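For reference, the structure is listed below as structure tokens.
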Amino acid sequence: MTAEVRLFARMAVFGVLVGIVYWFLTYEVVGTVLLILFGVSAGIAAIATYLLQRAGKHPLGRPDRPEPAAELDGPEPAAELDGEPVPAPGWAPLGIAIGLGGVAIGAAFGPWALLAGLLLAIWSGKAWLNAAMRETSEARGIRRAAEHDGGPRGLRRASPGDRGAPAEGAEDPARRLPGAGS
Amino acid sequence: MSTIPSSAGSAGTSAAVATDVVVPGHVVEIGGLTGWLTTTDHKRIGILYMTSAFVFFLIAGLMAEGMRAELAAPGIQYVAEQGYDQLFTMHGTLMLLLFGTPMAVGLANYIVPLQIGADDMSFPRLNALSFWLFLVGSLVVLSSFLVQGGPAAIGWTGYAPLSDVTFEPGAGVDLWLVGLILTGISTVIGAINFIVTIYGRRAPGMTLFRMPIFTWNILVTGLLILFAFPPLTAAMAMLFIDRHLGGVFFLPALGGSAILWQHLFWFFGHPEVYILILPFFGVITEIISVFSRKPVFGYSAFVLATITIASLSMSVWAHHMFATGAVSNPFFSIASFAIAVPTGIKFFNWIGTMWRGHITFETPMLWAIGFLYLFLLGGITGIIVASPALDYHLTDTYFVVAHFHNTLIGGSVFAIFAGLYYWFPKMTGRRLSERLGRLQWVLWMVGFTLTFLPQYELGLIGMPRRIADYPADAGWASLNALSTIGAAILGIGVLPFLAAVTLALRRPADQGPDPWGGATLEWWADSPPPHGNFRDLPPIRSPRPVWDARAATSEGPPS
Chain C
11 MTAEVRLFAR
21 MAVFGVLVGI
31 VYWFLTYEVV
41 GTVLLILFGV
51 SAGIAAIATY
61 LLQRAGKHPL
71 GRPDRPEPAA
81 ELDGPEPAAE
91 LDGEPVPAPG
101 WAPLGIAIGL
111 GGVAIGAAFG
121 PWALLAGLLL
131 AIWSGKAWLN
141 AAMRETSEAR
151 GIRRAAEHDG
161 GPRGLRRASP
171 GDRGAPAEGA
181 EDPARRLPGA
191 GS
Chain X
5 MSTIPSSAGS
15 AGTSAAVATD
25 VVVPGHVVEI
35 GGLTGWLTTT
45 DHKRIGILYM
55 TSAFVFFLIA
65 GLMAEGMRAE
75 LAAPGIQYVA
85 EQGYDQLFTM
95 HGTLMLLLFG
105 TPMAVGLANY
115 IVPLQIGADD
125 MSFPRLNALS
135 FWLFLVGSLV
145 VLSSFLVQGG
155 PAAIGWTGYA
165 PLSDVTFEPG
175 AGVDLWLVGL
185 ILTGISTVIG
195 AINFIVTIYG
205 RRAPGMTLFR
215 MPIFTWNILV
225 TGLLILFAFP
235 PLTAAMAMLF
245 IDRHLGGVFF
255 LPALGGSAIL
265 WQHLFWFFGH
275 PEVYILILPF
285 FGVITEIISV
295 FSRKPVFGYS
305 AFVLATITIA
315 SLSMSVWAHH
325 MFATGAVSNP
335 FFSIASFAIA
345 VPTGIKFFNW
355 IGTMWRGHIT
365 FETPMLWAIG
375 FLYLFLLGGI
385 TGIIVASPAL
395 DYHLTDTYFV
405 VAHFHNTLIG
415 GSVFAIFAGL
425 YYWFPKMTGR
435 RLSERLGRLQ
445 WVLWMVGFTL
455 TFLPQYELGL
465 IGMPRRIADY
475 PADAGWASLN
485 ALSTIGAAIL
495 GIGVLPFLAA
505 VTLALRRPAD
515 QGPDPWGGAT
525 LEWWADSPPP
535 HGNFRDLPPI
545 RSPRPVWDAR
555 AATSEGPPS
């Protein structure tokens, strides 16, 4: 069990145990439900992380990067840079937030703001999805090209200041796709 | 933000050579206002978070000055009872939910990816959504000043049934509810992003137990947010249903339960206190270690203490409800006392870190030492109000007000200023004036003590909280006057900080990557770091990779 799993597992055990103790001390329903649900939700996170790690998968669909050996002779290798791309700037997050703000004000004052807000949020959400899909397909293209070239050793990335392009670690085809889930 | 050339990465044994690759068709950074509005860069989002939160801090601070002015002498001078109720409601809401929490999120947004050697957060676009939702939600809350009847006057705790439409018919409460639901969603999104980033984007070698303490504390804070905020958002939605859709969740006359609101609110509310302090425990730990030139003493114990505090904090919520007579006082009292143990471990760690260190007293360290003294007072008075027998006397008095300001100002705000002075060179390439920093620190130490020590005494002799007026013959006037003078000093004490920031930003950036001799990875990157953060990384073999790299090149650790 890795430290990541243990963190969730500890909280799960704590929540359930305290929930049980709390019930028999107080017979009070609300607190018991809240504590048990806290434990159960932490437990679900622990089990999910454990299963993913046992299956050799990283929680993000990317294999763990190797740890350096405990002892090394000679100069140590430097840590490898992350190399995951940054999504392009866009108006979608601001649009969704303003849209949801409209929904909120609409809930307080009336349906006109609610409807306008909802439309803006949906429209911005579509822009978000489009951008994410475009970045994913771009990254696939770059990965294919890199595999075709035999794949250069070492991490490739743009220089600081102008990067953010989908610079793929070409030696590692399982690296997470850019934009996916972002 | 401009990038400045520096020697980042040239000092260590670093061997990674970044090979540039040019990929067409991808804009990464836009200048001007559009750039800030559309950014997905964690550093810009962090700065947006911190700036907005600080503006809300100033607004809420002005509200506090208004309340203290009203209380300086008996009688009603400036605001009537309703206005006073609105002031303390909005002061609490802004300080806790629109300043404290987002300030922690903002600092973490900037620093955590740097400390774990990542380019950005795992979900940069979601990160931007998280900020904009927070800002829009905050503005919705503040917009209640513009509606008829003014903002909510129900206390930041919004106790039902007083917050029901019968007693508070105005739209202010509705805006308060929907605004806070938005910021609640934003905070949960942010927490998920932090947890995934810390789990998934650490540089090779950066095992969980080599992470800087600040990052550890943000991870644990993220978990707390994940478990604590949903009950609040749910409770607020339920209250909204009660107000407008015929619900009776919290209406005892119709079969609901007012105590249910208190359970749901405090199941969020007490972990929230730790959401507001754990990140800042991390800030203080980093600063004490760097300015004592020593590794953190008892690293693993510190981490375990953080996890223990977080777990215990989920089981102490009803110590806010001792006086209701509807909860098990022994259970919640013992659980609350238990938190003193891991907190004590942390104090032991901090003192152990300073012990025999080469301590220097730059401004961040001064704030950290102020934190140790003031937060300790907050902790000790916490033990007092965690005892039901004493709490029956002290609950809803100024003693409680003084106690939680001791933890939230003496703890969180002092640590926020410590962190801002400490990381400002990293964020801007410029150092804040030491002279102004010291002046601010002195004003705040004196102002804080003068404001809140009299309030302990006021509480002990029976002055209730949340009152705009008090009898002239109660013997409370002189202590209240003292407290108001202290609050004025605190208000004046913000000015040197604003001056220091203004002056610093007018100068050209002149700071290298590592002005303090820092140990953690953020000090390896340029100041300010460019888009993408690092040119290369040193080997990570301990929680102090930058010190290790310096030692390996016989520059030796900073002394």
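Keeping their order, the protein sequence lines are chains C and X. Going left to right, the first sequence walks through residues 11 to 192 as the numbering used here numbers them. Going left to right, the second sequence walks through residues 5 to 563 as the numbering used here numbers them. Ideal Cβ placement from N, Cα and C applies to all residues, glycine included. Bear in mind the structure is a predicted one, so any value in this text is a computation, not a measurement.
With 16 other Cβ atoms within 10 Å as the buried cut-off, status of residue i
i        : result
PRO121/C : exposed
THR170/X : exposed
TYR163/X : exposed
PHE253/X : buried
ASN140/C : exposed
TRP359/X : exposed
GLN119/X : buried
LEU130/X : buried
GLN515/X : buried
ILE496/X : exposed
ALA393/X : exposed
LEU27/C  : exposed
ALA552/X : Looking at the sequence provided, one finds Asp at residue 552/X rather than Ala. Its Cβ being crowded by 16 or more others within 10 Å, ASP552/X is buried.
ARG186/C : Only weak support exists for where ARG186/C lies, its pLDDT of 35 falling under 50; the coordinates are left without a value.
ILE222/X : buried
ARG166/C : The predicted model places ARG166/C with a pLDDT of 39, which falls under 50 and marks its position as unreliable; any figure quoted below should be read in that light. Answer is buried; the Cβ neighbour count reaches 16.
GLY25/C  : buried
Per-residue contacts from residue i into chain X (C-beta, under 7 Å)
i        : result
MET21/C  : LEU227, SER315
TRP138/C : ARG129
VAL50/C  : Under the 7 Å cutoff, chain X gives no residues; its nearest Cβ is about 11 Å from VAL50/C.
Extent of the continuous alpha helix (DSSP H) to which residue i belongs
i        : result
TYR278/X : 262 to 279
HIS397/X : 392 to 398
TRP180/X : 175 to 204
PHE92/X  : 85 to 97
MET3/X   : The question about residue 3/X has no answer, for chain X in this structure spans 5 to 563.
GLU74/X  : 46 to 75
PHE119/C : 102 to 119
PRO429/X : 418 to 432
GLN63/C  : 39 to 64
GLY374/X : 367 to 389
MET242/X : 217 to 248
ASP552/X : 549 to 556
LEU27/C  : 13 to 36
Proximal chain X residues relative to residue i, where beta-carbon distance stays under 9 Å
i       : result
LEU45/C : PHE271, MET318, SER319
VAL40/C : SER261, ILE263, LEU264, HIS267, LEU268, PHE271
Proximal chain C residues relative to residue i, where beta-carbon distance stays under 7 Å
i        : result
PHE335/X : TYR32, LEU35, THR36
PHE213/X : ALA13
PRO235/X : LEU44
GLY251/X : The premise fails here: GLY251/X is roughly 14 Å from chain C at the closest Cβ pair, so nothing lies under 7 Å.
Under 8 Å by beta carbon: chain C residues contacting residue i
i        : result
GLY183/X : ALA114
ALA132/X : PRO103, LEU104
ALA322/X : GLY41
TRP136/X : PRO103, LEU104, ILE106, ALA107, ILE108
Cβ distance (whole Å) where residue i is taken to contact residue j below 8 Å
i        : j        : result
PRO299/X : ARG548/X : 6 Å
VAL505/X : LEU436/X : 7 Å
SER134/X : GLY183/X : No, SER134/X and GLY183/X are not in contact; Cβ-Cβ is about 15 Å, not under 8 Å.
TYR53/X  : ASN113/X : 6 Å
GLY433/X : ALA529/X : That pair is no contact at about 11 Å.
THR367/X : GLY441/X : 3 Å
MET11/C  : ALA52/C  : Actually they are not in contact, since the Cβ atoms of MET11/C and ALA52/C sit about 14 Å apart, beyond 8 Å.
GLN459/X : VAL405/X : 6 Å
LEU110/C : LEU243/X : Incorrect: roughly 19 Å between the Cβ atoms, too far for contact.
Neighbour list for residue i in chain C, Cβ cutoff strictly below 9 Å
i        : result
ILE34/X  : PRO99
ILE311/X : LEU17, ARG20, MET21
SER332/X : TYR32, LEU35, THR36, GLU38, GLY41
Near the ligand PLP: residue i beta-carbon under 8 Å from a heavy atom
i        : result
ARG214/X : With respect to the ligand PLP, the structure offers nothing, as it holds no ligand at all.
Proximal chain X residues relative to residue i, where beta-carbon distance stays under 8 Å
i        : result
ALA131/C : Near ALA131/C there are no residues of chain X at all, since even the closest Cβ is about 11 Å away, more than 8 Å.
* Asked: Counting Cβ pairs, one atom from each stretch, are 3 or more of them under 8 Å apart for the segment 222 to 230 of chain X and the segment 306 to 314 of chain X?
  -> yes
* Asked: Per the contact definition of three or more C-beta pairs closer than 8 Å, is the segment 275 to 287 of chain X in contact with the segment 414 to 422 of chain X?
  -> Flag = yes, the segment 414 to 422 of chain X and the segment 275 to 287 of chain X touch.
* Can at least three beta-carbon pairs, one atom from the segment 434 to 448 of chain X and one from the segment 480 to 491 of chain X, be found at a separation below 8 Å? -> no
* Asked: Would you call the segment 471 to 478 of chain X and the segment 148 to 165 of chain X touching, i.e. three or more CB-CB distances under 8 Å?
  -> In short, these stretches do not touch, since the Cβ pair count stays below three.
* To do: Would you check if there are 3 or more beta carbon pairs closer than 8 Å linking the segment 135 to 155 of chain X to the segment 172 to 180 of chain X?
  => Three or more beta-carbon pairs separated by less than 8 Å link the segment 135 to 155 of chain X to the segment 172 to 180 of chain X, which places the two stretches in contact.
* Does the pairing of the segment 261 to 277 of chain X with the segment 322 to 338 of chain X give three or more beta-carbon distances under 8 Å? -> yes
* Please confirm if the segment 261 to 269 of chain X is in contact with the segment 31 to 44 of chain C, defined as three or more CB-CB distances below 8 Å between the two stretches. => yes
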